[in-house]
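Heads up: the protein sequence lines correspond to chains A and B, in order. Note that full-length UniProt numbering numbers the first sequence so that position 226 is 226, with each residue one more than the last. Note that full-length UniProt numbering numbers the second sequence so that position 113 is 113, with each residue one more than the last.
Protein chains: 2
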Amino acid sequence: MDSITIKDIARALDLSTSTVSRALRDSYEISPETKRLVLDYAKQFNYRPNQIARSLKENRSRIIGVIVPQIANNFFSEVINGIEAAAYLRGYYVFIFQSHESYERELVTLRQAIDRKADGLLISLSSSTSDVSLLQSLQEKKLPIVLFDRVSAELDVPCVTSDNFGGAFAATEHLIETGRRRIAHITIPSYISITQERLAGYRAALERYGLGYDENLVRYTDFGQTDVGPVINDLLTQAPDAFLAASDRLAISCLAALKKRNIAIPETVSLVGFTNTPVADLLDPALSAVEQPALEIGRMAAQQLIDLIEMKADTLRVGRISIPTRLVVRASSRLT
Amino acid sequence: MDSITIKDIARALDLSTSTVSRALRDSYEISPETKRLVLDYAKQFNYRPNQIARSLKENRSRIIGVIVPQIANNFFSEVINGIEAAAYLRGYYVFIFQSHESYERELVTLRQAIDRKADGLLISLSSSTSDVSLLQSLQEKKLPIVLFDRVSAELDVPCVTSDNFGGAFAATEHLIETGRRRIAHITIPSYISITQERLAGYRAALERYGLGYDENLVRYTDFGQTDVGPVINDLLTQAPDAFLAASDRLAISCLAALKKRNIAIPETVSLVGFTNTPVADLLDPALSAVEQPALEIGRMAAQQLIDLIEMKADTLRVGRISIPTRLVVRASSRLT
DNA sequence: TTGTATGCGTTATCAC
DNA sequence: GTGATAACGCATACAA
């Protein structure tokens, strides 16, 4: 796979490499004739600049490193689409890495991104990440970083997330307004940001409507956990009249558990999930959803990052950007 | 984001860059003391080799370019996981690109991969790709390429696919054996390889059992098409007693259409889809599936490609590797 | 308007 | 064992 280089063009046209280089970049100091000559030759022999050499020379790669826990997850793949779209518009390419929810993989992956000289990093933290000191040191070294979705308060970088609090609040409020009183919350690992924000929204809504917060109605699960059936069964012993599930997988598992027990939705128990699965509404027409603005999160995060990269304004402190979720009520859950 | 370089180490330790380079690569010609000195310093100041410089020098990037139509598709994201796993084991990294089912995007993306000096390419063709001449010329230039899933007969490169013929045959056979006679086939664009292979399997099974092939029972759809409802309705006018759907989306749409019309599955109509959606079985316990070995396809394809890259044996002609699918019958579709 | 020289970080080929 | 030097492909400061 050897391609033609500037040197080849220079030799063929009996010019110097610098002239060719300038002609190719359409520099004003090159005569029109020479430009034409070079450009024609380049096109004819399909010259393509070696981006590796360019990166080395210019000390920038025009690559954004994206680290997500999993690609095989509709939310993240949509976020990536958003990132890609925004990056494409501004001449950047996206290098995708997966941490597989493992802190070690996240580190390996982070180092790769740095070794490959990514111009900036877009990160959604793995669920097993508690130590962000490497990220902190990177940030101190002025590597542009933007966190999205799963963020960390210990890092002083721009963050783009769904309005998790608002989404959980709205969902809970909806359940309360339609007559529910014992709203269970089944959620993901307790130490990641989105869990806490959603829990806070859930709790705030309960308190707002004078319903006490009952920790017996809240259960945490692991991402790795394959079977959440037992946890749901355990919750069911608390006789809830509604579920707020913090992920696609949990919502769907709830659905399965309720069906298995012939518990009617929404007649007996209401179900709202934080779900972005495209077929969710087909699963059961009564599965309501807090839909996350995945594309928008990706777009915003990429824009933030590229702004950071290009301005190099380390003063630019945008802080947290929170994008509204959308509550899609698929069937009235009003108690009759 | 400036990291320490070999030069920095050399200066600090009053050595030459070549000595440092050799010490870092643990060359036998460097004295143990010097090695220790260099290695200690490197570790202390967290030296990391610049992969861009390395790539330029060695004319290889240890990067595999992967081009898929869409990431937000369970099949492809699983394939990517398989690729990543295999690549990781052999010291390669994966650069993921999406063609978004567009030929133009595929070209842009292809050029990016080349410009970034990917050591080899793993490609699943976009559905709008009919012209493979660029790929042909790349292949002639000895760029290692392996196709997977959506392949092309015009390209003389190794291919890794599901056994689409076998999968469709087995599914159709199952339907026939359980008493179905009018088996409709709703499928994806006609000109991509998997469509033709699946159609051939479907047809072969019909003929094997003495059922004629009726083209009125076959319908093609586009990937871009948002609403396939009309096509399904059209098929329903042919009074089929079974559906073989060629994708997740089509299977799910069939399901929705049947439910809407209160057509019982499998009592009235049987449904088998080429589906890998994790929640498919929850959608309807009667939705049977031809499951594709996504992980395995990814692994095999990556291994093939890395073999190609490393042996540089352009004689190595493995041809087509076809990995069995799995027919998962979720409810007996026997006619009573 | 064009050419010469230098450097990005690394490795390889020579010397010594 | 170690060091000087060149080279990968490109871009630019400086000459001419």
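Just so you know, even glycine gets a beta-carbon here, dropped at the ideal spot from N, CA and C. Everything numeric in this text was worked out from a predicted model, so none of it was measured.
query: Does B:Arg-203 get closer than 7 angstroms to chain A when you measure Cβ to Cβ?
result: No, B:Arg-203 lies away from the interface with chain A (no Cβ there is under 7 angstroms from its Cβ).
query: Could you give the C-beta distance for A:Gly-82 and A:Ala-294, rounded to a whole number, given that I count them as a contact under 8 angstroms?
result: That pair is a contact at about 7 angstroms.
message: Going by C-alpha to C-alpha distance, which of B:Gly-120, B:Ser-16, B:Asp-163, B:Arg-11 sits closest to B:Glu-296?
response: B:Asp-163
task: Give the residues from the segment 279 to 306 of chain B that approach chain A closer than 8 angstroms (Cβ to any Cβ), ordered along the chain.
output: Result list: Val-279, Leu-282, Leu-283.
Helix, strand or coil at B:Gln-292 [DSSP, three-state]: coil
- request: Taking all protein chains shown into account, decide if B:Arg-181 is buried (16 or more other Cβ within 10 angstroms of its Cβ) or exposed.
  value: exposed
field: Validate contact between the segment 81 to 95 of chain A and the segment 145 to 157 of chain B using beta carbons, cut 8 angstroms, 3 pairs
entry: No, the segment 81 to 95 of chain A is not in contact with the segment 145 to 157 of chain B.
Run of the beta strand (DSSP E) containing A:Tyr-88, from where it starts to where it stops: Here A:Tyr-88 belongs to no beta strand (DSSP E); instead the alpha helix (DSSP H) covers 74 to 89.
field: Beta carbon of B:Val-94 nearer than 7 angstroms to that of B:Glu-84
entry: yes
- prompt: Going along the chain, which residues of the segment 41 to 55 of chain A sit with their C-beta nearer than 8 angstroms to a C-beta in chain B?
  reply: Closer than 8 angstroms at the C-beta level to chain B, one finds these residues of the segment 41 to 55 of chain A: Arg-48, Pro-49, Asn-50, Gln-51, Ile-52, Ala-53, Ser-55.
message: For a contact defined as C-beta to C-beta under 7 angstroms, what are the partners of B:Phe-95 on chain A?
response: Phe-95
query: Does DSSP put A:Phe-165 in a helix, a strand or coil?
result: helix
message: Which residues of the segment 254 to 275 of chain B have a Cβ closer than 9 angstroms to any Cβ of chain A? Give them in chain order.
response: Leu-255, Ala-256, Lys-259
- prompt: By the criterion of Cβ-Cβ separation under 8 angstroms, what are the contact partners of B:Ser-61 in chain A?
  reply: Ile-52
message: To the nearest angstrom, how far is the alpha carbon of A:Gln-303 from that of A:Ala-204?
response: Roughly 32 angstroms between the two C-alpha positions.
- prompt: Can you check whether the CB of A:Ala-331 is closer than 7 angstroms to the CB of A:Pro-266?
  reply: yes
task: Closer than 8 angstroms by beta-carbon distance: list the chain A residues that pair up with B:Asn-81, in chain order.
output: Ile-71, Ala-72, Gln-98
Whole-number beta carbon distance between B:Arg-116 and B:Ile-63, since they are thought to touch under 8 angstroms: That belief holds up - the Cβ atoms of B:Ile-63 and B:Arg-116 are roughly 7 angstroms apart, short of 8 angstroms.
Beta-carbon gap between B:Leu-308 and B:Leu-122 smaller than 7 angstroms: No, the pair does not count as a contact, with Cβ atoms beyond the cut-off.
field: Proximity of B:Ser-77 and A:Ile-4 at Cβ, strictly below 7 angstroms
entry: The Cβ atoms of B:Ser-77 and A:Ile-4 do not sit closer than 7 angstroms to each other.
query: So which residues of chain B does A:Ser-77 contact, with C-beta pairs closer than 7 angstroms?
result: Ile-71, Ala-72, Ser-77
query: What span of residues does the alpha helix (DSSP H) with A:Val-151 cover, start to end?
result: Here A:Val-151 belongs to no alpha helix (DSSP H), and DSSP marks it neither H nor E.
- prompt: Cβ atoms of A:Ser-193 and A:Arg-249: under 7 angstroms apart, would you say?
  reply: no
query: So, is the C-beta of A:Ile-252 closer than 7 angstroms to a C-beta in chain B?
result: yes
Reduced DSSP secondary structure (H/G/I, E/B, other) of B:Tyr-220: strand
field: Enclosing alpha helix (DSSP H) for A:Arg-111 [first to last residue]
entry: For A:Arg-111, the enclosing alpha helix (DSSP H) begins and ends at 103 to 115.
message: Could you tell me the alpha carbon to alpha carbon distance between A:Ile-252 and A:Arg-208, rounded to whole angstroms?
response: 28 angstroms
query: Are the C-beta of B:Arg-116 and some C-beta of chain A separated by less than 7 angstroms?
result: Taking Cβ atoms only, chain A reaches closer than 7 angstroms to B:Arg-116, which makes this a yes.
query: Does the beta-carbon of A:Arg-198 have 16 or more other beta-carbons within 10 angstroms, so that it is buried, or is it exposed?
result: buried
- request: Say yes only if the C-beta of B:Lys-141 is nearer than 6 angstroms to one or more non-hydrogen atoms of the ligand HEM, and no if none qualify.
  value: Absence of the ligand HEM is noted for the structure shown, with no ligands found whatsoever.
task: Given a cut-off of 7 angstroms, decide if A:Pro-49 and A:Ser-127 are closer than it, judged by their beta-carbon atoms.
output: Judged by beta-carbon spacing, A:Pro-49 lies beyond the 7 angstroms limit of A:Ser-127, meaning their Cβ atoms are not closer than that value.
message: Tell me the residue span of the alpha helix (DSSP H) that contains B:Thr-19.
response: 17 to 24
query: Can you list, in chain order, the residues of its chain whose CB lies under 7 angstroms from that of A:Tyr-47, leaving out five sequence neighbours each side?
result: Ile-4, Ile-9
task: Indicate the three-state DSSP secondary structure (helix, strand or coil) for B:Arg-48 in the structure shown.
output: coil
Selection from A:Phe-165, A:Leu-110, A:Glu-104, A:Tyr-92 that minimises the alpha carbon distance to A:Ser-322: A:Phe-165
field: Host alpha helix (DSSP H) of A:Leu-282 (start-end)
entry: 280 to 283
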